[in-house]
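K.L.:
Dumping the structure here so I can ask a few things about it.
Numbering (the numbering used here), first residue to last: 549 to 876.
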């Protein structure tokens, strides 16, 4: 309480004045019932249970995933959260497929957070379109469906074949390489599966992608670079171990043409770690000392793939007759 002098008409008066309370201006935190914390839920269920009002549902405490489906905003904005929401939207009999199935099966790196959730529904099912979902209609044999935790998705082989059928070859080879390297699928099972595909959409593309896939690949850029070189008739060996004349380990290179002692390396961005540049230079010098020529390819180079392929081809011709190396 303080005294404040005010002017009223021609008179000066003194009256009591109270400063506004800080609490009067404090924004009330949004309602977050414990039952919904860390959860993905249907709006109608939360409203019916009296946990939230419609106004509270629209607060910053919740994130809308799909129409009528929300998530605690504290949950990470990942594909996994989107899958949990999609499970509350899709009809009975729906199965997660494509890259979403790969995510559920353990290959999380194959899916970006903002990617649509891929769902397969029976051909007669009238469902969709739904923003945030990619819906495909087809009949799935029970042998190509698997339960993983609380979700139902396509089996690893069916997942890989669908990716190979419906995506472009470089992207699908990246995915197949990951599935192979993680042991989720086997090369011979993929080869058998695509050989049985009937003529139709994506069957030729799937066979080509499976033929290019290699479990030895260790990064997506390496896979894309390998596909590029294969597209011009070259067959580099992935993750080749280089040894010197005495048999001592020198380096393991991304892609190699051993007979010609040519290595093709994808150079990712340095992260500023102390000594990283020095280690790379020493490794390069060791390869040169062992008689190898190294072609370095960067992300910027991959924007001109024809130029990359031409430079590697020209170098191989300089070193000797180009003969295909075993790709598997």
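Where is the CB? At the ideal position from N, CA and C, for every residue including glycine.
1. Do the region 582–600 and the region 616–635 touch if we need at least three Cβ pairs shorter than 8 Å?
2. Do residue 669 and residue 776 have their C-beta atoms closer together than 8 Å?
3. Please report the straight-line C-alpha distance between residue 614 and residue 577, rounded to a whole angstrom.
4. May I ask which residues mark the beginning and end of the alpha helix (DSSP H) holding residue 712?
5. Assuming residue 696 and residue 667 make a contact with CB atoms under 8 Å, what is their CB distance in whole Å?
6. With C-beta atoms as the reference, is residue 788 less than 8 Å away from residue 769?
7. How far does the alpha helix (DSSP H) with residue 853 in it extend, from its first residue to its last?
8. Going by CA-CA distance only, name the one from 761, 863 and 796 that's closest to residue 735.
9. Can you list, in chain order, the residues of its chain with a C-beta nearer than 6 Å to that of residue 676? Leave out the 5 residues immediately preceding and following it.
10. Name the residue from 774, 605, 699 and 604 whose alpha carbon lies nearest to the alpha carbon of residue 802.
11. Any chance you could list the alpha helix (DSSP H) runs of at least 4 consecutive residues sitting entirely within the region 746–772, in chain order?
12. Quick one: what's residue 668 bridged to in DSSP?
13. To the nearest angstrom, how far is it from the Cα of residue 600 to the Cα of residue 579?
14. Between the Cα of residue 778 and those of 757, 793 and 796, spot the shortest distance and give me the residue it belongs to.
15. Look at the Cβ atom of residue 641, then the Cβ atom of residue 707, and state whether they are nearer than 8 Å.
16. Give me the residue from 595, 850, 744 and 658 with the minimum Cα distance to residue 715.
17. Select from 636, 678 and 752 the residue whose C-alpha is nearest the C-alpha of residue 592.
18. Please name the residue or residues paired with residue 803 in a DSSP beta bridge.
19. I need the DSSP call for residue 791, collapsed to helix, strand or coil.
20. For residue 686 and residue 694, which I take to be in contact (beta-carbon distance under 8 Å), what is that distance rounded to the nearest angstrom?
21. Just tell me which of 596, 836 and 649 has its CA closest to the CA of residue 732.
22. Do you know offhand how far residue 828's Cα is from residue 834's?
23. Could you check whether residue 713 and residue 771 sit closer than 8 Å to each other, using their CB atoms as the reference points?
24. Can you tell me the Cα-Cα spacing of residue 808 and residue 866, whole angstroms?
25. From what residue to what residue does the alpha helix (DSSP H) around residue 720 run?
P.N.:
In brief:
1. Per the Cβ contact rule, the region 582–600 is in contact with the region 616–635 (3 or more Cβ pairs under 8 Å).
2. No, the Cβ-Cβ distance between residue 669 and residue 776 is not below 8 Å.
3. Here the alpha carbons of residue 577 and residue 614 stand approximately 24 Å from one another.
4. Counting along the chain, the alpha helix (DSSP H) containing residue 712 begins and ends at 704–714.
5. Between the beta-carbon of residue 696 and that of residue 667 there is about 15 Å, and that puts the pair past the 8 Å contact cut.
6. Annotated as distal: residue 788 and residue 769, with beta-carbon spacing of 8 Å or more.
7. Counting along the chain, the alpha helix (DSSP H) containing residue 853 begins and ends at 853–867.
8. Looking at the Cα atoms, 761 is the closest of the given residues.
9. Cβ neighbours of residue 676 beyond the five flanking positions: 683.
10. Of the candidates 774, 605, 699 and 604, the one whose C-alpha sits nearest the C-alpha of residue 802 is 774.
11. If only uninterrupted alpha helix (DSSP H) runs of at least 4 residues are considered, those enclosed by the region 746–772 are 751–760.
12. Paired residues: 643 and 684.
13. If I take the Cα positions, the gap works out to 8 Å.
14. Closest option to residue 778, Cα to Cα, is 757.
15. When the beta-carbon positions are compared, residue 641 and residue 707 stay at least 8 Å from each other.
16. Nearest C-alpha to residue 715: 658.
17. Out of 636, 678 and 752, 636 has the C-alpha closest to the C-alpha of residue 592.
18. Answer by DSSP bridge pairing, in chain order: 786 and 812.
19. In the displayed model, residue 791 falls within a strand according to three-state DSSP.
20. Going by Cβ atoms, the distance from residue 686 to residue 694 rounds to 16 Å, so no, they are not a contact pair.
21. Checking every option, the nearest Cα to that of residue 732 belongs to 649.
22. Computed Cα separation, rounded: 10 Å.
23. No, they are not a contact pair.
24. Between the C-alpha atoms of residue 808 and residue 866 there is a straight-line separation of about 10 Å.
25. Segment 717–729, the alpha helix (DSSP H) holding residue 720.
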